[in-house]
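Trainee:
Number of protein chains: 2
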Amino acid sequence: MLRQYIKTHKEPFDSYMMELIEKELIPKTLKQSMLYSLSVGGKRLRPIILFAVLETLGLDATKGYSTAAALEMIHTYSLIHDDLPAMDDDDLRRGKPTNHRVFGEAIAILAGDALLTHAFRLICQDEELNEKQKLRLIDCLSEAAGPTGMVAGQVLDMEAEQKELTLSQLKEVHLHKTGRLIEFSVIAAGIIANASEPLIQDLKQFSRHIGLAFQIKDDILDVEGERDLIGKDVGSDLENGKNTYVSLATLAGAKQLLNEEIETALSYLNKISFDTTLLASITCYIKDRQS
Amino acid sequence: MLRQYIKTHKEPFDSYMMELIEKELIPKTLKQSMLYSLSVGGKRLRPIILFAVLETLGLDATKGYSTAAALEMIHTYSLIHDDLPAMDDDDLRRGKPTNHRVFGEAIAILAGDALLTHAFRLICQDEELNEKQKLRLIDCLSEAAGPTGMVAGQVLDMEAEQKELTLSQLKEVHLHKTGRLIEFSVIAAGIIANASEPLIQDLKQFSRHIGLAFQIKDDILDVEGERDLIGKDVGSDLENGKNTYVSLATLAGAKQLLNEEIETALSYLNKISFDTTLLASITCYIKDRQS
Numbered sequence: 249m250l251r252q253y254i255k256t257h258k259e260p261f262d263s264y265m266m267e268l269i270e271k272e273l274i275p276k277t278l279k280q281s282m283l284y285s286l287s288v289g290g291k292r293l294r295p296i297i298l299f300a301v302l303e304t305l306g307l308d309a310t311k312g313y314s315t316a317a318a319l320e321m322i323h324t325y326s327l328i329h330d331d332l333p334a335m336d337d338d339d340l341r342r343g344k345p346t347n348h349r350v351f352g353e354a355i356a357i358l359a360g361d362a363l364l365t366h367a368f369r370l371i372c373q374d375e376e377l378n379e380k381q382k383l384r385l386i387d388c389l390s391e392a393a394g395p396t397g398m399v400a401g402q403v404l405d406m407e408a409e410q411k412e413l414t415l416s417q418l419k420e421v422h423l424h425k426t427g428r429l430i431e432f433s434v435i436a437a438g439i440i441a442n443a444s445e446p447l448i449q450d451l452k453q454f455s456r457h458i459g460l461a462f463q464i465k466d467d468i469l470d471v472e473g474e475r476d477l478i479g480k481d482v483g484s485d486l487e488n489g490k491n492t493y494v495s496l497a498t499l500a501g502a503k504q505l506l507n508e509e510i511e512t513a514l515s516y517l518n519k520i521s522f523d524t525t526l527l528a529s530i531t532c533y534i535k536d537r538q539s
Numbered sequence: 249m250l251r252q253y254i255k256t257h258k259e260p261f262d263s264y265m266m267e268l269i270e271k272e273l274i275p276k277t278l279k280q281s282m283l284y285s286l287s288v289g290g291k292r293l294r295p296i297i298l299f300a301v302l303e304t305l306g307l308d309a310t311k312g313y314s315t316a317a318a319l320e321m322i323h324t325y326s327l328i329h330d331d332l333p334a335m336d337d338d339d340l341r342r343g344k345p346t347n348h349r350v351f352g353e354a355i356a357i358l359a360g361d362a363l364l365t366h367a368f369r370l371i372c373q374d375e376e377l378n379e380k381q382k383l384r385l386i387d388c389l390s391e392a393a394g395p396t397g398m399v400a401g402q403v404l405d406m407e408a409e410q411k412e413l414t415l416s417q418l419k420e421v422h423l424h425k426t427g428r429l430i431e432f433s434v435i436a437a438g439i440i441a442n443a444s445e446p447l448i449q450d451l452k453q454f455s456r457h458i459g460l461a462f463q464i465k466d467d468i469l470d471v472e473g474e475r476d477l478i479g480k481d482v483g484s485d486l487e488n489g490k491n492t493y494v495s496l497a498t499l500a501g502a503k504q505l506l507n508e509e510i511e512t513a514l515s516y517l518n519k520i521s522f523d524t525t526l527l528a529s530i531t532c533y534i535k536d537r538q539s
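Laid out in structure tokens, this is it:
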């Protein structure tokens, strides 16, 4: 079911998002650099979650296309900046050269800045949403991505490199660094669907647990995954002395934590009085994925 | 008159803006880095223009405080990223160490990202503006600062380093790189004051010419200014082989261009049926400033 769902939406959404950049009068190298990183983007997890919540609440996924594009552009900018020599200094992302390896550092920094800035414009210009919805989306997105959200997570992550964290500190890093944008994907759908506050709160709890589950599974795949599938060397996190759920809780412990997060996420779905089959299958996908 | 005006607004606005960051729960180093660059910000030209246009149109300057703070945060982020080793590689900005020299490159990149992201949130949360105004402000600001605006200007500027530009190409660079945010300062005031479209268009033309005048004067000061006042070595642009109005049009030619831009700016003020004394004195300040 999920596979079919992703197949239905991934391609039209990707074309839609690329066209949002293609159609603008942007200096050539900058445009190429923005499109390059958007196109090696991979799973589109955040958009897919947003669409799935929308459909769960009875709306067509296309209602969320521009918000999802804004979200994916912000996710992509964060990867470009994160890969820079001054940050993680990565040469590869999903098996392809990172943006600064192709376009140079200066353009990579600017392409990130451009994607981040353009994201907010996309929401402003969405013709299907009303003014109240747009402002709430922009407010939530800037909060999720900014200095009290994702950027805070980046800083906490960097500062953690020099020390061993506790499990709850590691959770705190992930809740900010990756969790806040995943959380936004469900909140955004709730805003677009005019969902009630209690429903949005349940969805938010659901998203926090699938976000953590996603991260724990990443750490497990770093140990158990296949190089060709995960697009990087197996065991590289541990070799680099990174704090991971596996390093702090052992592989068996990490698997147990993964199960717990998945169970809790599903329990929040049970509280929701809509057909949550699709969201449940995303949850299971996060647990079982091989890449 | 202008001096008194700046004196009246600079200090309360600066405190207001710092408090917007101080009050948020932001990791310590990140917060320090954001505040550091905001506080060495210098002239506050863009906020002052915004306030002056608001008062010209009969509104209190404080009505524009949060928009001006958003604008100044975006201006500040652009300076932080522009100073990075991968970009201009500057050690000093206004005589003080640049952000990355104090906090390291990674934090400097993230502080820039954080200021940019937070800017949009400030406008969302402004309680004095209505929804339509806020959305239009966010739309215009993201357009002015993004890949078709300021970031485009950065790219054009970088690409110009390897070749000699024509005067009109140099203008094009400046209209994007610095002009678009100055333009936003007057458009924003127009939006906040519910000004008519023709009036906003006249203000926009006015802003384009003072923006260019500002840049021409910068190039003249690079040759004629005093080191202690301009905060960098005299003649450094020419030594670095940069395209400047002086290098392309001679010093006398640049002075003539400056006069022309000032005259044109003043002619647009004459079209406006409000008392434009304050805006005229800003225009003269731009022409006569020594730093």
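Those protein sequences? They're chains A and B, same order as listed.
According to my numbering, the residues represented by the first sequence are 249 to 539, in order.
According to my numbering, the residues represented by the second sequence are 249 to 539, in order.
Note that beta-carbon positions come from the ideal geometry of N, C-alpha and C, so glycine has one too.
What are the residues of the stretch 461-472 of chain B that lie near chain A, defined by any Cβ-Cβ distance shorter than 8 Å?
Mentor: Listed in sequence order: no entries.
Trainee: Under three-state DSSP, which class holds lysine 490 of chain A?
Mentor: Here residue 490 of chain A refers to the residue found at position 242 of the first sequence. Coil.
Trainee: Which residue's Cα is closest to the Cα of histidine 348 of chain B: A:Leu340, A:Lys344, A:Pro345, A:Met335?
Mentor: For this step, residue 348 of chain B is matched to residue 100 along the second sequence. Selected option, being the one with the closest Cα: A:Met335.
Trainee: CB serine 390 of chain A to CB cysteine 388 of chain B, shorter than 8 Å?
Mentor: By one-based count along the first sequence, residue 390 of chain A stands at place 142. By one-based count along the second sequence, residue 388 of chain B stands at place 140. No, the Cβ-Cβ distance between serine 390 of chain A and cysteine 388 of chain B is not below 8 Å.
Trainee: By Cβ distance, which residues of its chain are closer than 8 Å to aspartate 339 of chain A, with the 5 residues on each side in sequence left out?
Mentor: As a first step, residue 339 of chain A is located in the first sequence; it is residue number 91 there, counting from the start. Pro345, Thr346, Arg349, listed in sequence order.
Trainee: Is it true that the CB of glycine 360 of chain A sits closer than 8 Å to the CB of histidine 329 of chain A?
Mentor: The count along the first sequence starts at 1 and reaches residue 329 of chain A at position 81. The count along the first sequence starts at 1 and reaches residue 360 of chain A at position 112. Contact flag set, yes.
Trainee: Who are the neighbours of histidine 329 of chain A on chain B, taking C-beta pairs under 7 Å?
Mentor: In the first sequence, residue 329 of chain A corresponds to position 81, counting from 1. By Cβ distance, chain B contributes Ile357, Asp361.
Trainee: Round the Cβ separation of arginine 369 of chain A and methionine 398 of chain A to the nearest angstrom and send it over; I've been treating them as touching at under 8 Å.
Mentor: Residue numbering aside, residue 369 of chain A sits at position 121 when the first sequence is read from its first letter. Residue numbering aside, residue 398 of chain A sits at position 150 when the first sequence is read from its first letter. The Cβ separation is near 19 Å, so there is no contact.
Trainee: How would you list, in chain order, the residues of chain A whose beta-carbon sits under 8 Å from the beta-carbon of valine 350 of chain B?
Mentor: For the purposes of this step, residue 350 of chain B is identified with residue 102 of the second sequence, where counting begins at 1. Result: empty, since nearest Cβ-Cβ is about 14 Å, beyond 8 Å.
Trainee: Please list, in chain order, all residues of the same chain as isoleucine 269 of chain B whose beta carbon is under 8 Å from its beta carbon, the five residues on each side excluded.
Mentor: Start at 1 with the first residue of the second sequence, and residue 269 of chain B comes out as number 21. If we look at isoleucine 269 of chain B and ignore the five residues flanking it on each side, its Cβ neighbours are Lys279, Met282, Leu283, Leu286, His366.
Trainee: Give me the Cα-Cα distance between alanine 436 of chain B and glycine 501 of chain B, rounded to the nearest whole angstrom.
Mentor: Locating residue 436 of chain B in the second sequence gives position 188, where the first residue counts as 1. Locating residue 501 of chain B in the second sequence gives position 253, where the first residue counts as 1. Cα to Cα, the separation comes out at about 33 Å.
Trainee: Per DSSP, arginine 341 of chain A forms a beta bridge with which residues?
Mentor: Working through the first sequence from its first residue, we reach residue 341 of chain A at position 93. Arginine 341 of chain A is bridged to A:Lys344.
Trainee: Taking 8 Å as the threshold (beta carbon to beta carbon), is glutamate 259 of chain A in contact with chain B?
Mentor: The residue labelled residue 259 of chain A in the question sits at position 11 within the first sequence. With 8 Å as the cut-off, glutamate 259 of chain A does not count as an interface residue toward chain B.
Trainee: Residues of chain B with CB closer than 9 Å to the CB of arginine 251 of chain A, please, in chain order.
Mentor: Taking the first sequence and counting its residues from 1, the one referred to as residue 251 of chain A is at position 3. Within chain B, no residue comes near arginine 251 of chain A; the closest Cβ sits about 34 Å away, beyond 9 Å.
Trainee: Would you tell me roughly how many angstroms separate the C-alpha atoms of alanine 362 of chain B and proline 395 of chain A, rounded to the nearest one?
Mentor: Taking the first residue of the second sequence as 1, we reach residue 362 of chain B at position 114. Taking the first residue of the first sequence as 1, we reach residue 395 of chain A at position 147. If you take the alpha carbons of alanine 362 of chain B and proline 395 of chain A, they lie about 5 Å apart.
Trainee: Where glutamate 420 of chain B and isoleucine 464 of chain B are concerned, what is the direct C-alpha to C-alpha distance, given to the nearest angstrom?
Mentor: Numbered from 1 along the second sequence, position 172 holds the residue referred to as residue 420 of chain B. Numbered from 1 along the second sequence, position 216 holds the residue referred to as residue 464 of chain B. Using only the alpha carbons, I get a separation of about 13 Å.
Trainee: By how many angstroms is the C-alpha of leucine 527 of chain A removed from the C-alpha of phenylalanine 462 of chain A?
Mentor: Here residue 462 of chain A corresponds to residue number 214 of the first sequence, with the count starting at 1. Here residue 527 of chain A corresponds to residue number 279 of the first sequence, with the count starting at 1. Each residue's Cα considered, the two are about 14 Å apart.
Trainee: Who are the neighbours of alanine 317 of chain A on chain B, taking C-beta pairs under 9 Å?
Mentor: The sequence position of residue 317 of chain A within the first sequence is 69, counting from 1. Simply none; closest approach about 14 Å.
Trainee: Tell whether a beta-carbon distance below 8 Å holds between arginine 294 of chain B and lysine 258 of chain B.
Mentor: Indexing the second sequence from 1 puts residue 294 of chain B at position 46. Indexing the second sequence from 1 puts residue 258 of chain B at position 10. Contact flag unset, no.
Trainee: Could you tell me whether the Cβ atoms of valine 301 of chain A and leucine 451 of chain A are closer together than 8 Å?
Mentor: Indexing the first sequence from 1 puts residue 301 of chain A at position 53. Indexing the first sequence from 1 puts residue 451 of chain A at position 203. Contact: yes.
Trainee: Can you find a C-beta in chain A that's less than 8 Å from the C-beta of aspartate 339 of chain B?
Mentor: As a working mapping, residue 339 of chain B is identified with position 91 in the second sequence. Output row for aspartate 339 of chain B: interface = no.
Trainee: Could you tell me which chain B residues have their CB closer than 9 Å to the CB of phenylalanine 554 of chain A, listed as they occur along the chain?
Mentor: Outside the displayed range of chain A (249 to 539) lies residue 554 of chain A, so it cannot be described from this structure.
Trainee: Kindly indicate if chain A contains any beta-carbon less than 8 Å away from that of cysteine 372 of chain B.
Mentor: As a working note, residue 372 of chain B is residue 124 in the second sequence. Interface residue, yes.
Trainee: Going straight from the alpha carbon of isoleucine 386 of chain A to that of glutamate 487 of chain B, what length do you get?
Mentor: Within the first sequence, residue 386 of chain A is the residue found at index 138, counting from 1. Within the second sequence, residue 487 of chain B is the residue found at index 239, counting from 1. In a straight line, the C-alpha of isoleucine 386 of chain A is about 44 Å away from that of glutamate 487 of chain B.
Trainee: Which residues of chain B have a Cβ atom closer than 8 Å to the Cβ of valine 544 of chain A, listed in chain order?
Mentor: Because chain A in this structure spans residues 249 to 539, residue 544 of chain A falls outside the shown range and cannot be described.
Trainee: For proline 333 of chain A, does the three-state DSSP call read helix, strand or coil?
Mentor: Stepping through the first sequence from its first residue, residue 333 of chain A is reached at position 85. Proline 333 of chain A: coil per DSSP, three-state reduction.
Trainee: Return the residue from the list B:Met406, B:Gln538, B:Met266, B:Asp467 that minimises the CA-CA distance to tyrosine 493 of chain B.
Mentor: As a working mapping, residue 493 of chain B is identified with position 245 in the second sequence. It is B:Asp467.
Trainee: State the CB to CB distance for the pair leucine 413 of chain B and asparagine 491 of chain B, rounded to an integer number of angstroms; the pair is presumed to be in contact (CB under 8 Å).
Mentor: Numbered from 1 along the second sequence, position 165 holds the residue referred to as residue 413 of chain B. Numbered from 1 along the second sequence, position 243 holds the residue referred to as residue 491 of chain B. The pair is a contact, with the Cβ atoms about 5 Å apart (cut-off 8 Å).
Trainee: Would you tell me roughly how many angstroms separate the C-alpha atoms of glutamine 417 of chain A and alanine 393 of chain A, rounded to the nearest one?
Mentor: Residue 417 of chain A sits at position 169 when you count from the first residue of the first sequence. Residue 393 of chain A sits at position 145 when you count from the first residue of the first sequence. C-alpha separation (whole angstroms): 19 Å.
Trainee: Start and end of the alpha helix (DSSP H) containing threonine 310 of chain A?
Mentor: As a working note, residue 310 of chain A is residue 62 in the first sequence. Segment: none, threonine 310 of chain A is in no alpha helix (DSSP H) and carries neither H nor E.
Trainee: Taking Cβ to Cβ, would you say histidine 424 of chain B is nearer than 8 Å to alanine 513 of chain B?
Mentor: For the purposes of this step, residue 424 of chain B is identified with residue 176 of the second sequence, where counting begins at 1. For the purposes of this step, residue 513 of chain B is identified with residue 265 of the second sequence, where counting begins at 1. No, the pair does not count as a contact, with Cβ atoms beyond the cut-off.
Trainee: For the alpha helix (DSSP H) holding valine 421 of chain B, just list the boundary residues, first then last.
Mentor: Counting from one through the second sequence, the residue named residue 421 of chain B turns up at place 173. First-last of the alpha helix (DSSP H) with valine 421 of chain B: 415-422.
Trainee: In the DSSP assignment, the alpha helix (DSSP H) including leucine 527 of chain B goes from what residue to what residue?
Mentor: Looking up residue 527 of chain B in the second sequence gives position 279. It spans 525-536 - the alpha helix (DSSP H) in which leucine 527 of chain B sits, taken as one unbroken run.
Trainee: Using a Cβ-Cβ cut-off of 7 Å (strictly less than) and excluding sequence neighbours within five positions of tyrosine 313 of chain B, which residues of its own chain qualify?
Mentor: Mapped onto the second sequence, residue 313 of chain B falls at position 65. Only Phe261, Tyr264 meet the Cβ criterion.
Trainee: Name the residue from B:Gly489, B:Ala441, B:Lys380, B:Leu358 whose alpha carbon lies nearest to the alpha carbon of alanine 408 of chain B.
Mentor: Here the question's residue 408 of chain B lines up with position 160 in the second sequence. Measuring from the Cα of alanine 408 of chain B, the nearest candidate turns out to be B:Gly489.
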